[in-house]
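S.K.: Before I ask anything, let me first share the structure, which is written out below as structure tokens.
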Amino acid sequence: MTVLTIAERIVQELLRAKVALDDDELARRLDVQPRQTINQACRRLEQSRRVRRFVGPYGKIVNELRQGTVPAVPIVAQEVRLEPAAGDSAAQRHAEGVMLALLAERLGCSLQPRRFALEDGSRVEIDGTDENLSVLVEAWAHQGPPKSAQKHKVLADAFRLMFVASTLPTPPRLVLCLSDPAAAHHFTSARSWAATALRAFGVDVEVVELPAEVKAQVLAAQNRQYR
């Protein structure tokens with residue numbers, strides 16, 4: 029069995045993923061510690077023009093294979109998993125970045141992730157906000173009706189929006205951005221306390237349509253999670 033360098037493992041993982049991945053995600057997938065090892069390898073790959081590094085939709089540096097880059101050793105010969113592990117969320121995070129871009133176009137503003145420092149020293153992150161903090165957005169790329177735990181996750185996102193809004197001098201618009209009407213139904217038109225509560229607290233639900241390829245990646249990730 030051929031032993032791969034970390035750089036070659038990165039190339040193979042990016043080839044399998046078919047989406048750009050940040051250093052943290054690569055470290056998690058490849059089970060490499062410390063993370064700085066991944067960072068250094070990715071920088072070397074960038075210098076050799078095998079990988080392109082750029083700022084992704086969440087403000088983190090991500091890594092993408094340059095066209096024509098191929099692994100030094102065929103993937104089938106390696107003792108590494110042939111697909112992302114069940115529960116992997118890279119496809120969802122990529123889709124949520126696409127959703128933020130689509131929503132930003134609809135709203136006529138630029139949306140970027142932002143971390144807020146609180147008085148007690150803790151921090152809270154929001155998926156997207158504009159430069160003037162006039163809108164706060166949390167995105168969820170799930171396709172299909174949500175399960176019970178997933179409903180709680182979305183409501184936790186809404187609570188995060190309301191909490192951050194309470195710390196700002198000017199009340200912003202609060203938006204939950206979803207990408208599937210079936211996923212949004214429970215929080216919009218269903219006869220549920222969740223839909224009623226979101227309306228009562230002024231949290232809007234916006235649904236954007238993902239490109240077919242991105243939607244397929246999300247569905248594939250969900251299938252892996254539920255296996």
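Going by my numbering, the first residue of the sequence shown is number 29, and it counts up by one from there.
The beta carbon of each residue, even a glycine, is placed where N, CA and C say it ideally should be.
Since residue 50 contacts residue 90 with CB under 8 angstroms, what's their CB separation in whole angstroms?
M.R.: Correct: roughly 5 angstroms between the Cβ atoms.
S.K.: Which one of 135, 136 and 140 has the shortest CA to CA distance from residue 124?
M.R.: Out of 135, 136 and 140, 140 has the C-alpha closest to the C-alpha of residue 124.
S.K.: Counting along the chain, where does the beta strand (DSSP E) carrying residue 205 start and finish?
M.R.: First-last of the beta strand (DSSP E) with residue 205: 201 to 206.
S.K.: Pull the bridge partners of residue 156 from the DSSP assignment, please.
M.R.: DSSP lists 165 as partners of residue 156.
S.K.: Short check: CB of residue 204 to CB of residue 166, under 9 angstroms?
M.R.: In contact: residue 204 and residue 166 (Cβ atoms closer than 9 angstroms).
S.K.: Are the stretch 155 to 162 and the stretch 220 to 240 touching, with three or more C-beta to C-beta distances below 8 angstroms?
M.R.: Contact between the stretch 155 to 162 and the stretch 220 to 240 is absent, because fewer than three Cβ pairs lie under 8 angstroms.
S.K.: Go ahead and label residue 122 buried or exposed: buried means 16 or more other beta carbons lie within 10 angstroms of its beta carbon, across all protein chains shown.
M.R.: It counts as buried.
S.K.: Between the C-alpha atoms of residue 183 and residue 241, what's the straight-line distance to the nearest angstrom?
M.R.: Rounded to the nearest angstrom, the two C-alpha atoms are 28 angstroms apart.
S.K.: Starting from residue 232, follow the beta strand (DSSP E) in both directions and report where the run begins and ends.
M.R.: Residue 232 -> beta strand (DSSP E) spans 231 to 235.
S.K.: Can you give me the C-alpha to C-alpha distance between residue 152 and residue 186, rounded to a whole angstrom?
M.R.: The alpha-carbon atoms of residue 152 and residue 186 are separated by roughly 13 angstroms.
S.K.: May I ask you to list the residues that DSSP assigns as paired with residue 144?
M.R.: Its beta-bridge partners are 152.
S.K.: Quick one: give me the first and last residue of the beta strand (DSSP E) that residue 93 is part of.
M.R.: Residues 89 to 93.
S.K.: For the beta strand (DSSP E) containing residue 79, list its first residue and its last residue.
M.R.: Counting along the chain, the beta strand (DSSP E) containing residue 79 begins and ends at 79 to 83.
S.K.: With DSSP as the reference, identify every bridge partner of residue 49, one or two as the case may be.
M.R.: Per DSSP, 91.
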